[in-house]
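Student: So that we are looking at the same thing, I have put the structure below in structure tokens.
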Amino acid sequence: MSTQQPTRTLDPQQRTVADGVITSLAGPEARLRADQETAVAALASPGARVLVVQATGWGKSAVYWAATAVIRAAGGGPTLIVSPLLSLMRDQVSAATRGGLRAATVNSANIDEWAQVERDLLDGALDVLLVSPERLANPGFGRRVLDSLAGRLGLVVIDEAHAISDWGHDFRPDYRRVSDVLQTLNPQTSVLATTATANARVTADVAAQLGDATLVLRGPLARKSLHLNVIDGLDPLQRYAWVAQELPMLPGSGIVYVLTVADADRLVKAIRAVHGDSLPVAAYTGGLPADDRHRLEDQLLAGEVKALVATSALGMGFDKPDLGFVVHVGAPPSPVSYYQQVGRAGRALDEAVVMLLASTLDDAIWEHFATATIPDPDRMATLLDALANADGPMTVPGLESATGIRRGRIELMCKQLAVDGAVERVSEGWLITGAPWHYDAEHYAGVLAVRRREADIMRSFIRGEKCLMRLLTESLDDPRSEDCGRCSVCRGEITPGLAEAPDAEVIATVGGVLRRDAVILEPRKMWPGGAFGTRGRIAPTAMAEVGRVLAFADAPQWRDVLGAAKAGAPDAVDRLADAAVTVVAQWGRASGIRPDVIFSLDLTGGSLAATLAQRLRQVGRRTGDALTVLPGQRPGREATGATEAAYWRDHLDSMPQVSGAVLLVVDETGTGWPVTLAAAALRDAGASAVLPLVIHRTA
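75 is the number that UniProt numbering gives to position 75 of the sequence shown; each next residue is one higher, with no gaps.
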């Protein structure tokens, strides 16, 4: 690996081609800078390997567009770009088109176009194909396209290349498929890897995967336009209120990052509670349809919204040069991922505001991220045994039934095993290869230690132990790190014009609105099979109605109230009861179903559901009783849905005979299976409808 940056130049003909692309993208006076030209000139040499680690806004995409044009002009093959996000692909196709290149993408949002795109590519009618790493893992795509292209590609680009390394902050197992592609390439094909978020260890790992002769071009990572700020000590509801209060004071339009989808929806409601429609905002999460995400991105690009309240789904590749601010409600688990997200702001501005609203509650989320992708050797052995004993390929649901491991975990495990060659994905499912797999305990202990050290750096960042920009760039091993003079540590105060805490009235407004807003609880529609025995659709005569949840997950408006109510504090119980009465009344008007009887089901050993049910009976002048759970060892959090469903089927006490509609008040559940089984039992006992009201849905 060479870390030198020798000056390399394009010949006159190559420069003319490259300049044509750059002027089309950035204006008639634009030219490649010397460091960009060095990268393009290197890639123009057959078989080159180049890793570019540069700050956001440096112009990494200009390098691969110019290199593509130069290679194509010399008679080389098309470029394959591996990109991590749909939004990034869309922006890149648009940029390539402006640069005079013929580009297309194959992803989950344009299935109808796949066949034509593949024909155009194989016929030589495309200069650039963009794919996701998951597409590389698709056996059909590999057979139809990659196998025929492997010897004909002119350039392979690995964007956001830190994701190749499991030392990186955003490791994705499918990204390792890129290594498989590299093994089948014509030796004359050049390879470019780009990232803004790689420390020395990640840089070395990625460069090693590219090859011994990789040229590493690494520049300074400090961003002079960013004014970094931290406010610590606000509770969850105060953080929402701060955003709602201070959003109009932030410059231009921007992004407010949150850690969960539920946070995104709640924070949008909080902002609207304070400003109504006068301050346009919207929630942006990975669960939105692609068309909705594209529409929201376009609105932010055009300045039609003040902010998108987003999860990390809006991150890599979103390019709005005049983005005025980035706010984080909760800190990401590493300084590297934080640097990547705040890098969206201020690319073409002299000043942009970055604000982190920190909380000690983030620690639990950091630990989850740190451990979530570390394989469990015992579970891996169980999964491999199931595949070894199968007659052929197994689907993920089949593996769930055979192993008792949750479906989402199985999907990740299969990808990890595929990276190591122990399994492969075929069109019918997953198949064991016979290659041995062993748990590299030393390696994974090192990965976990790195992630926990990164969390410690974020704690130092929050405490303001040194210049915030310096701390970020040092975490990326930038040798040119220095104090920025602009952050809240260097100045001794946050950006002027912004408050350090929200007003009490705003907190009250936000809390009041959010407590009146119940979350919809969709009923389960399928039996799980497996240990439960029965699979297939739940009959309409056994299914619950669409229910309601008072407090979802870590809802900030309920956090303190729930704890106090579970401890029996009268004021807290009253607040929950008042909210329940309001929700049930609104629910009845919306559904047209009013309960004839009210039952309770306490699953956690307390009496909170019974207490709220009794209050609802008094207000509604209804009758009812408490349902009981038979004693037994309850399944753990990692139990499959089938195992949990079987438990509740067998441990809910017999139901009283009932007629009419039942309101079922449940204290707490994470999966909804006890609600599903209780509803089925009540319907079997004569209920015409079961309306579940869950006090706390934990996930």
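Glycine included, C-beta positions come from ideal geometry on N, C-alpha and C.
For D517, collect the residues of the same chain with a Cβ closer than 7 angstroms to its Cβ; drop the 5 residues on either side in sequence, then sort them by chain order.
Tutor: In the sequence shown, counting from the first residue as 1, residue 517 sits at position 517. K269, listed in sequence order.
Student: Would you identify the three-state DSSP class for R135, choosing helix, strand or coil?
Tutor: In the sequence shown, residue 135 corresponds to position 135, counting from 1. It is helical.
Student: Tell me whether H438 sits in a helix, a strand or coil according to DSSP, three-state version.
Tutor: On the sequence shown, position 438 is the one that residue 438 refers to. Three-state result, H438: coil.
Student: Is it true that the stretch 193-201 meets the stretch 93-109, where meeting means three or more beta-carbon pairs spaced less than 8 angstroms apart?
Tutor: No, because fewer than three Cβ pairs between the stretch 193-201 and the stretch 93-109 fall closer than 8 angstroms, the two stretches do not touch.
Student: Going by DSSP in three states, G99 sits in which element: helix, strand or coil?
Tutor: Translated into the one-based positions of the sequence shown, residue 99 becomes position 99. G99: coil per DSSP, three-state reduction.
Student: Could you check the C-alpha separation between G624 and I405 for me, to the nearest Å?
Tutor: Within the sequence shown, numbered from 1, the residue matching residue 624 stands at position 624. Within the sequence shown, numbered from 1, the residue matching residue 405 stands at position 405. Rounded to the nearest angstrom, the two C-alpha atoms are 38 angstroms apart.
Student: Can you have a look at T628 and say buried or exposed, based on whether 16 or more other CB atoms are within 10 angstroms of its CB?
Tutor: Within the sequence shown, residue 628 is the residue found at index 628, counting from 1. Its Cβ having fewer than 16 others within 10 Å, T628 is exposed.
Student: Helix, strand or coil, according to DSSP, for L682 in the structure here?
Tutor: The sequence position of residue 682 within the sequence shown is 682, counting from 1. Reduced to three states, the DSSP call for L682 is helix.
Student: Rounded C-beta distance between V584 and L693? I'm assuming under 8 angstroms.
Tutor: Reading the sequence shown from its first residue, position 584 is the one you call residue 584. Reading the sequence shown from its first residue, position 693 is the one you call residue 693. Right, their Cβ atoms sit about 7 angstroms apart.
Student: What does the alpha-carbon distance come out to for the pair residue 701 and L691?
Tutor: For the chain, the structure presents residues 1 to 699; residue 701 sits outside this window and is missing.
Student: Give me, in chain order, the residues of the same chain whose beta-carbon lies closer than 6 angstroms to that of V117; leave out the 5 immediate sequence neighbours on both sides.
Tutor: Mapped onto the sequence shown, residue 117 falls at position 117. So the list reads A104, V106, once near-sequence residues are dropped.
Student: For Q4, which three-state DSSP category applies?
Tutor: Mapped onto the sequence shown, residue 4 falls at position 4. Residue placement at Q4 cannot be trusted, given a pLDDT of 48 that sits under 50; the coordinates are not used to answer.
Student: According to the neighbour-count rule (16 or more other Cβ atoms, all chains shown, within 10 Å of its Cβ), is H443 buried or exposed?
Tutor: For the purposes of this step, residue 443 is taken as residue 443 along the sequence shown, with counting starting at 1. H443 is exposed by the Cβ-count criterion.
Student: Are the CB atoms of S475 and P248 within a distance shorter than 7 angstroms?
Tutor: On the sequence shown, residue 248 is found 248 positions in, with the first residue counted as 1. On the sequence shown, residue 475 is found 475 positions in, with the first residue counted as 1. No, the Cβ-Cβ distance between P248 and S475 is not below 7 angstroms.
Student: R634 lies in the alpha helix (DSSP H); which residues open and close that run?
Tutor: Locating residue 634 in the sequence shown gives position 634, counting from the first residue. Note, R634: premise wrong, no alpha helix (DSSP H); not H, not E.
Student: With burial defined as no fewer than 16 other Cβ atoms inside 10 Å of the residue's Cβ, what is the status of Q4: buried or exposed?
Tutor: In the sequence shown, the residue the question calls residue 4 occupies position 4. Annotation note: pLDDT 48 at Q4 (below 50); position unreliable, coordinate value reported separately. Counting Cβ neighbours within 10 Å, Q4 comes out exposed, since fewer than 16 surround it.
Student: Leaving aside the five residues before and after R451 along the sequence, list all residues of the same chain whose C-beta is less than 6 angstroms from its C-beta, in chain order.
Tutor: Position 451 of the sequence shown, counting from 1, holds the residue named residue 451. Once the five neighbours on either side are set aside, the close Cβ partners of R451 are A370.
Student: Below 8 angstroms on the Cβ atoms is my guess for V40 versus L80; work out the distance and round it to an integer in Å.
Tutor: Counted from its first residue, the sequence shown places residue 40 at position 40. Counted from its first residue, the sequence shown places residue 80 at position 80. About 17 angstroms separates the two Cβ atoms, so there is no contact after all.
Student: Measuring CB to CB, does L51 end up less than 7 angstroms from V206?
Tutor: Counting from 1 along the sequence shown, the entry for residue 51 is found at position 51. Counting from 1 along the sequence shown, the entry for residue 206 is found at position 206. Yes, the Cβ-Cβ distance between L51 and V206 is below 7 angstroms.
Student: Within its chain, find whatever has a CB closer than 6 angstroms to the CB of W558; leave out the 5 residues flanking it on each side and keep chain order.
Tutor: Working through the sequence shown from its first residue, we reach residue 558 at position 558. These residues qualify, in order along the chain: A551.
Student: Taking G492 as the reference, give the member of E465, D478, P479, L471 with the closest Cα.
Tutor: For this step, residue 492 is matched to residue 492 along the sequence shown. It is E465.
Student: To the nearest angstrom, how far is it from the Cα of D478 to the Cα of Q36?
Tutor: Translated into positions along the sequence shown, residue 478 becomes position 478. Translated into positions along the sequence shown, residue 36 becomes position 36. D478 and Q36: Cα-Cα distance of roughly 19 angstroms.
Student: Can you tell me whether S190 is helix, strand or coil according to DSSP?
Tutor: Here residue 190 is taken as the residue at index 190 of the sequence shown, counted from 1. In the structure shown, S190 sits in a strand (DSSP, three-state: E or B).
Student: For the stretch 498-507 and the stretch 232-246, state whether three or more C-beta atom pairs, one from each stretch, are separated by less than 8 angstroms.
Tutor: The answer is yes - the stretch 232-246 touches the stretch 498-507, with three or more Cβ pairs under 8 angstroms.
Student: Closest to R515 by CA distance: which of R266, R649, I462 is it?
Tutor: Taking the first residue of the sequence shown as 1, we reach residue 515 at position 515. If we check each option's Cα against that of R515, R266 comes out closest.
Student: Taking DSSP as the reference, what is the three-state secondary structure of M394?
Tutor: Working through the sequence shown from its first residue, we reach residue 394 at position 394. Looking at M394 - three-state DSSP - the assignment turns out to be strand.
Student: By the DSSP assignment, the alpha helix (DSSP H) with V584 in it spans what residues?
Tutor: The residue given as residue 584 occupies position 584 in the sequence shown. Its alpha helix (DSSP H) spans residues 570-591.
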